[in-house]
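In full-length UniProt numbering, the protein residues as written are 1 to 162.
Down below is the structure, laid out as structure tokens.
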Amino acid sequence: MAIASQKDFVSGLMFMTVGGSFAWGAVDYEIGEAARMGPGYFPFMLGLLLVLLGALVTFNSFKSGPPGGDKIGAIAWRPLVFILGANLLFGALLVGLPSLGIPAFGLIVAIYGLVVMAGYAREGAKLKESLILATILAIGSYLAFVKMLNLQFPVLPWFLAN
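Here is the structure:
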């Protein structure tokens with residue numbers, strides 16, 4: 001059997017790997033049953049669902065595809081670096097890095113850092129667009145997580161918190 005779509009084949013393997021990892025990690029927790037779920041139930045079932053979806057995508061990759069096959073192109077390094085970096089920056093700004101002497105800057109600054117950095121994953125990114133999006137996201141996140149859900153984490157930078 002020849003692979004008709006390399007993209008689907010690799011995507012299916014990725015789904016199965018991630019799903020299998022989630023399911024395997026969840027067995028350390030009490031799984032429970034559908035009527036009485038334990039803390040491991042959701043990640044275990046989600047992992048199994050991802051494995052099933054990955055198997056389906058992988059199986060379909062052997063079916064007919066475009067002429068010449070659907071080959072995997074070059075790795076898009078720019079989006080990869082900026083999106084991963086934005087998530088790491090968000091975590092570092094939200095709670096700080098005490099081991100490096102970096103204090104917590106809070107939710108608002110972390111969201112601005114996340115959105116602005118992630119915005120540069122797209123070529124032709126405009127800072128003004130990112131700042132508008134960050135403002136909307138910061139207000140919405142503050143209302144949802146701090147006001148409505150009463151979650152306790154720093155909202156403002158350490159020098160403005162008191």
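Glycine included, every Cβ here is placed at the ideal spot set by N, Cα and C.
Check: By the 10 Å Cβ neighbour count, where 16 or more other Cβ atoms means buried, how is A23 classified, buried or exposed?; Outcome: buried
Check: Quick check on DSSP: helix, strand or coil for G32?; Outcome: strand
Check: Rounded to whole angstroms, what is the Cα-Cα separation between A50 and V27?; Outcome: Before going on, a small fix: residue 50 reads as Leu here, not Ala. Taking the straight line from one Cα to the other gives about 16 Å.
Check: Do you know how far the Cα of F145 is from the Cα of E123?; Outcome: 32 Å
Check: Among P103, I136 and I102, whose alpha-carbon lies nearest the alpha-carbon of I111?; Outcome: I136
Check: Could you pull the start and end residues of the alpha helix (DSSP H) that N150 belongs to?; Outcome: Per DSSP, N150 belongs to no alpha helix (DSSP H) and is neither H nor E.
Check: Do you know whose CA, among L143, A118, L127 and T17, lies nearest G85's CA?; Outcome: A118
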